[in-house]
Amino acid sequence: MVTVKPTDLVPSAGIKFFGAGTAACIADLITFPLDTAKVRLQIQGESQKVEGSGVLKYRGVFGTIKTMVRTEGARSLYNGLVAGLQRQMSFASVRIGLYDSMKQFYTRGAGIVTRLMAGCTTGAMAVAFAQPTDVVKVRFQAQVRVADGERRYNSTLDAYKTIARDEGVRGLWRGCMPNITRNAIVNCAELVTYDMIKELILKYDLMTDNLPCHFTAAFGAGFCTTVVASPVDVVKTRFMNSGNGQYTSAINCALTMLRNEGPAAFYKGFMPSFLRLGSWNIVMFVTYEQIKRSMTRAQQYWESPF
1 MVTVKPTDLV PSAGIKFFGA GTAACIADLI TFPLDTAKVR LQIQGESQKV EGSGVLKYRG
61 VFGTIKTMVR TEGARSLYNG LVAGLQRQMS FASVRIGLYD SMKQFYTRGA GIVTRLMAGC
121 TTGAMAVAFA QPTDVVKVRF QAQVRVADGE RRYNSTLDAY KTIARDEGVR GLWRGCMPNI
181 TRNAIVNCAE LVTYDMIKEL ILKYDLMTDN LPCHFTAAFG AGFCTTVVAS PVDVVKTRFM
241 NSGNGQYTSA INCALTMLRN EGPAAFYKGF MPSFLRLGSW NIVMFVTYEQ IKRSMTRAQQ
301 YWESPF
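Put into structure tokens, the structure is as follows:
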């Protein structure tokens, strides 16, 4: 009788779906302050124009975090966490958990075109489910807390209600098209890069299919994703945080940024984006691989205890 090694076990689609959402939530809990700092840096040029000030409030990743803690309290770093976790459970489960299934749907091959098509498809599908949670998350992260000052939203539920009431249901899907574009790009860069780096590492026996391999592939995926997706991410953040009439479209938002702030504006918050995406990818993929492996072993034991 041939003994099946744990690394040979194939997780089911359900395990991948649940594991991806859970791993993404764990990654978000750990890296959320970096994401909040990224959002503040990305909208900084916009805030300066509104306030009529040329003084930079935030400087660098850790400078932004330090300023937020000093002026708004440590809790401000986790503004929008509830919406962020809601987003990951509905978003990552689809875009990551269904990636392998989508590859099989298109073809049984493992070529680059198949992987890109699968990444684009699951990324776009995920936006359809999770866009309102993304809008609320960004609004909370951009919301500055001041002592005795009026806050934009009082709670996550209040944010959903207020946006739907004041901007219509379409307001909850504000920035949907740039978000679909961003997530198609992010998904391809992230999942395809991770997939290919891991495959090459295993093909040339540089590492075994274990934690160091997952760490290396995730780090590479995080860097590639940040370089490719930063411009779209900045436009997405600005557009989703904007009020009614500020921008007529995502393209108008991008052109306004280019005209008022120059090309460098598209890479605002690059360091926090990289720190966040790099660390997020490492935590998410390492956790995801371990959850898949543990749940598959448990399922196998449950079905065949002896």
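Quick note: the sequence shown, position 205, residue 205 per full-length UniProt numbering, numbers continuous.
C-beta atoms are modelled at their ideal positions from N, C-alpha and C, and glycine is treated no differently.
Discussion item. Any contact between the region 184–201 and the region 235–243? By contact I mean 3 or more CB pairs, one from each, below 8 Å.
Written reply: Too few Cβ pairs lie closer than 8 Å, so no.
Practice prompt. Give the secondary structure of G80 by DSSP, where H, G and I count as helix, E and B as strand, and everything else as coil.
Written response: In the structure shown, G80 sits in coil (DSSP, three-state: anything other than H, G, I, E or B).
Practice prompt. Look at the Cβ atom of L41, then the Cβ atom of P272, and state whether they are nearer than 8 Å.
Written response: Result yes, Cβ atoms of L41 and P272 sit closer than 8 Å.
Worksheet entry | Option nearest K198 by Cα separation, candidates A254, F215, W173 | Among A254, F215, W173, the Cα nearest to that of K198 belongs to F215.
Worksheet entry | Where E303 falls, given that 16 or more other Cβ within 10 Å makes a residue buried | It is exposed - the Cβ of E303 has fewer than 16 other Cβ atoms within 10 Å.
Worksheet item: Going by other Cβ atoms of all chains shown within 10 Å of its Cβ, with 16 needed for buried, is R70 buried or exposed?
Response: By the 16-neighbour rule on beta-carbons within 10 angstroms, R70 is exposed.
Worksheet item: How about F219 and G278: do their beta carbons lie closer than 8 Å?
Response: The Cβ atoms of F219 and G278 lie closer than 8 Å to each other.
Fill in: Residue environment, N244, which counts as buried when at least 16 other CB atoms sit within 10 Å
Flag for N244 reads exposed.
Worksheet item: S155: buried (16+ other C-beta within 10 angstroms of its C-beta) or exposed?
Response: Label assigned to S155: exposed.
Fill in: Proximity to V228 [Cα-Cα], best of D209, T181, Y204, Q246
Nearest C-alpha to V228: T181.
Worksheet item: Using a Cβ-Cβ cut-off of 7 Å (strictly less than) and excluding sequence neighbours within five positions of F17, which residues of its own chain qualify?
Response: Within the same chain, F17 has close Cβ partners S93, G97, L98.
Worksheet item: Out of curiosity, what's the CA-to-CA distance linking A298 and A20?
Response: Cα to Cα, the separation comes out at about 17 Å.
Worksheet item: Secondary structure at N154, three-state DSSP: helix, strand or coil?
Response: In this structure, DSSP gives N154 a state outside helix and strand, which the three-state scheme calls coil.
Worksheet item: How would you label P132, buried or exposed, when you count the other beta carbons within 10 angstroms and need 16 or more for buried?
Response: So P132 counts as buried.
Discussion item. Nearest by alpha-carbon distance to M125: which of R139, L116, R95, Y153 is it?
Written reply: The shortest C-alpha separation from M125 is found at R95.
Worksheet item: For Y194, which option in A164, A74, R115 has the closest C-alpha, if you only look at C-alpha atoms?
Response: Checking every option, the nearest Cα to that of Y194 belongs to R115.
Worksheet item: Would DSSP call V50 helix, strand or coil?
Response: Residue confidence is low: V50 scores 46 on pLDDT, short of 50, so the model does not pin down where it sits. No coordinate-derived value is stated.
Fill in: Rounded straight-line distance, which links the Cα of T296 to that of I201
Cα to Cα, I201 sits roughly 23 Å from T296.
Fill in: Short Cβ contact (8 Å threshold) for S76 with M89
For S76 and M89, no; Cβs fall outside 8 Å.
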